[in-house]
Each structure stands twice: as structure tokens, then as C-alpha cells.
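Each remark here refers to the structure printed beneath this line.
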């Protein structure tokens, strides 16, 4: 009898993948720290830190939303194991973005920060997105899933869609003052595609069982 072939695990299940992703997620932070330390952020380092940390927040948010479509379309279920790490990293860069604003732009004066949040809609929307993101980061481990129950946990984490829209609105209003929407348009197209795929997939899943039941009837 021929020896049965040993089935290889997908490379995405390799033990080095998660540590490798962790290192990659730290690279933007390392660059920002290095650039700040070497005075390489341009004429306005504070604005550069705020802007770039915000850019990485939006990029990682898009990457987090892309996991499910890529998992389905590429038939790579192992991709799902990286979603929570990307989500936590997104929150980390969002928190860094806010801290840079609060410390470098507002001098960590709470009264001034609260007044500025209430006065400027794009900061209010960005702060709302950060606050909505916090419970997702805090419940991104297995014990939280068990404590909440799978259904409640999934409902909570669906707020990522609202967060994505708030983040886009935050970025849009920030760009509105400069009348520069080129970069925003790219992010908007990516988020629209990722959310649109989810709507299409949800409708497809409803239609298939309905068609099956009608044929069986």
C-alpha cells in the first residue's frame, strides 16, 4: 500500500506568522519615534505625528475590514486568526493619534481639549470613533468572547462598520478645510468596496437557502 501523503498545514498557520505580523505592525510606530528623535518630521513635527498616526489608523482599519472578504474570496480561512491583532493595532494607532493631538496640539489641557472637541465637528467625530473602538479592543480575547457569549460579542464587534464610517467622516472634514479630497477618495472607495461586499454576501446567503427551500417544495 502506498503511504498516505501527509497533509501540509497552510503557511498561514505557521507559528512565525503572528510574531511576524506583530513586528510589521510595530514598524510604523518605530519609524515615527525615530523620525521624531532625529527631527525628520518637517517644519511642523506635531502636525506630522498627528497626521501620520491618523493615516496608519485608517490604513489598519481598512486592513482589518479586508480580512473577511479575503478569507472568503481566497478560500483561506486561516486569515481569520490575524483579524483581532489587526483590530487591536488599529485601536493602538487611533489612541496614539488622539494622544498626539491632546499632548502636542492642546498641551494636555483637559478643559481646552473638551472645548475643542465640542467646537470642531471633525474632532468630535474622531473622538466618537475612538470611544466606540475601545470596547472592541478590550474584548478582543477569548475570555471576553466566553463572558459575553458568541452572539453578543459578534453584535458588539459589528460596530466596526460604524467606526469605519465615522473615521471616513473625520478624515473628510479634516480635508475639507484644505479642499483636498484625493487621498480621502481612495480610502472611501476601499471602505465602500469592503462594506459593499458584506452587504452583497449577506443578501446572497439569504437568497441561496430561499431558493433551495423553494426547489425542495
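In my numbering, the protein residues as written are 20 to 236. The beta carbon of each residue, even a glycine, is placed where N, CA and C say it ideally should be. Predicted, not measured: the structure shown is a model, and the values here were computed from it.
Kindly indicate which three-state DSSP category residue i falls into: helix, strand or coil?
i           : result
residue 76  : helix
residue 196 : coil
residue 32  : helix
residue 210 : helix
residue 117 : helix
residue 62  : coil
residue 93  : coil
residue 57  : coil
residue 232 : Reliability of the predicted coordinates at residue 232 is poor, the pLDDT of 47 falling under 50, and no value is obtained from them.
In chain order, what residues of the same chain have a beta carbon less than 8 Å from the beta carbon of residue i, not counting five sequence neighbours either side?
i           : result
residue 119 : 65, 68, 69, 72
Quick one: what's got a C-beta closer than 6 Å to residue i's C-beta in the same chain, skipping five residues either side?
i           : result
residue 81  : 209
residue 32  : 97
residue 127 : 121
residue 149 : 113, 117
Just confirm the distance between the C-beta atoms of residue i and residue j, as a whole number of angstroms; I'd bet it's less than 8 Å.
i           : j           : result
residue 8   : residue 159 : Nothing in the structure corresponds to residue 8, since the chain is present only between 20 and 236.
residue 237 : residue 54  : Here the chain has residues from 20 to 236 only, and residue 237 is not among them.
residue 192 : residue 140 : 6 Å
residue 102 : residue 83  : 6 Å
In chain order, what residues of the same chain have a beta carbon less than 7 Å from the beta carbon of residue i, not counting five sequence neighbours either side?
i           : result
residue 207 : 187
residue 180 : 214
message: Which runs of the alpha helix (DSSP H) at least 4 residues long sit entirely within the region 108-191? Give them in chain order.
response: 129-138, 140-157, 161-167, 169-176
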